[in-house]
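> One structure coming up, written as structure tokens, with questions to follow.
Numbering (this note's numbering), first residue to last: 2 to 498.
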């Protein structure tokens, strides 16, 4: 057994019919929740256990101090990257401790991780992320006097600065020399609308390859899954953001005949990546499907959970006593639901009109409990398997739906933008661009990107799409074949014929 990643958890579930052995351990951990509260350890904080079963206080201080303010996904990624490297030191380098790692160990690790025929051969992007996370850990360890030197070889790199043009253009900083230096990938995997519809109908709705219903399909929660996927590809939300929505962030359906095509709602900063809270525009047609899911399927899920006592408040529950004022009592004060992170939202219970309680999360599983990110990934994996079984050559991931939203939205906006500019004179164009900006920046804001450089990758996708479209216009017979066959060179007249 190698290094293991665990996460702090309060109120662990215990068997109802516990043995004396279980009761002994239950008494041992009876004060653990209070101790975690006293130390200020958040729920879900990662920690590493060595192959010898030891908890390294110095090592795990990295998560409790240095990464304490980082998002949970970032902390989990750091923990797993460190585990992978520490496992290599343990199994591949003679049970070497992370404090004793050398540059030779890193060279061997790089060979096994990227080039060894018996290794995983990870992508350059994955390797660069691992180098960055492990390098950050060792820089922290050096500051804490836990190691004497960084096992990751460094190189000098110029950091450009606009204030240093007269003195050489910038400053010099140390960066990991192990990075692949290939730069970010520009390949964007996305689905055109027709391809997405085929994937959704076959993978989520259980249709056959001709998009007709199959009697053998037993997908009980197809309405929930299609509403979730449709809302992802039409809003551009990330998987972690979409999965953390509560009923308080979902906009109401506009009244019939109001002429509203998109309903606007705010995504809270605390559940968005990089605290990129922003306005989200929900197409009314998609929002109607989500509301139908809440009225029918979600109500059935709630009945299941309520009948089994899943919503009985516990010490860890966060209670919204008045749904009209979404707030909870924490630490003796009222905290709005909009300030709760994803882990805290899973503990939310909202008072119902009949004196009971119900989860605040929009998306629930068949047991009436909040859906997890891994649960949604499994839904997509099952849909891809159904498409494969029907010989439908299309697959999707949650992030592909986000890419699809970006590409199609940017293309439509640019088309309208250029058409509007083409009907104006030069002065009108300047005024128009000052007021409305450009489509790339609008998509950047909708996606929650900090820099337009990140969003610019979708421009390269549009450029490739334009090139492929033009290549399709080349006549089939424009290039004369050479005329070589098994019998030799054919007569030019025969080839022409």
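Glycine included, each C-beta is placed from N, C-alpha and C at the ideal position.
For residue 350, report the span of its beta strand (DSSP E) as first-last.
From DSSP, the beta strand (DSSP E) with residue 350 extends over 349 to 352.
> Kindly give me the distance between the Cβ atoms of residue 208 and residue 215, rounded to whole angstroms, as I take these residues to be in contact under 8 Å.
That belief holds up - the Cβ atoms of residue 208 and residue 215 are roughly 6 Å apart, short of 8 Å.
> Taking three-plus beta-carbon pairs below 8 Å as touching, is the segment 384 to 392 in contact with the segment 322 to 330?
Judged by Cβ distances under 8 Å, the segment 384 to 392 makes no contact with the segment 322 to 330, as fewer than three pairs qualify.
> Which same chain residues, not among the five before or five after residue 339, have their C-beta less than 6 Å away from its C-beta?
Taken in chain order, the residues that qualify are 269.
> Shortest alpha-carbon distance to residue 65 belongs to which of 402, 43 and 99?
Ranking the options by Cα distance to residue 65, first place goes to 43.
> So residue 134 and residue 82 are supposed to be a Cβ contact under 8 Å. How far apart are they, rounded?
The pair is a contact, with the Cβ atoms about 4 Å apart (cut-off 8 Å).
> Cα separation between residue 312 and residue 247?
So the alpha carbons of these two residues sit roughly 16 Å apart.
> According to DSSP, is residue 267 helix, strand or coil?
In this structure, residue 267 counts as strand in the three-state DSSP scheme.
> Go through the segment 342 to 393 residue by residue and report every complete run of the alpha helix (DSSP H) that reaches 4 residues or more, in order.
Fully enclosed alpha helix (DSSP H) runs of 4 or longer: 343 to 346 and 374 to 390.
> Short check: CB of residue 447 to CB of residue 176, under 9 Å?
Not a contact, by the Cβ cut-off of 9 Å.
> Going by DSSP, name the residue or residues bridged to residue 199.
Answer is none; residue 199 lacks a bridge partner.
> Between 348, 222 and 202, which lies nearest to residue 213 when the distance is taken from Cα to Cα?
For the residues 348, 222 and 202, the minimum Cα distance to residue 213 belongs to 202.
> Whose CA, out of 317, 236, 344 and 223, lies closest to the CA of residue 12?
Per the Cα distances, 317.
> Tell me whether residue 56 sits in a helix, a strand or coil according to DSSP, three-state version.
Correct three-state label for residue 56: strand.
> Which class does residue 43 belong to by DSSP, given the choice of helix, strand or coil?
It is coil, neither helix nor strand.
> Between the segment 331 to 345 and the segment 279 to 297, do at least 3 Cβ pairs fall closer than 8 Å?
Counting Cβ pairs under 8 Å, fewer than three are found: no touch.
> According to DSSP, residue 173 sits in a beta bridge with which residue or residues?
In DSSP, residue 173 forms a bridge with 159.
> Pull the bridge partners of residue 517 from the DSSP assignment, please.
Past the edges of the chain, shown from 2 to 498, lies residue 517, and the structure says nothing about it.
> Rounded to whole angstroms, what is the Cα-Cα separation between residue 365 and residue 218?
Each residue's Cα considered, the two are about 21 Å apart.
> Does the pairing of the segment 242 to 257 with the segment 371 to 383 give three or more beta-carbon distances under 8 Å?
Flag = yes, the segment 242 to 257 and the segment 371 to 383 touch.
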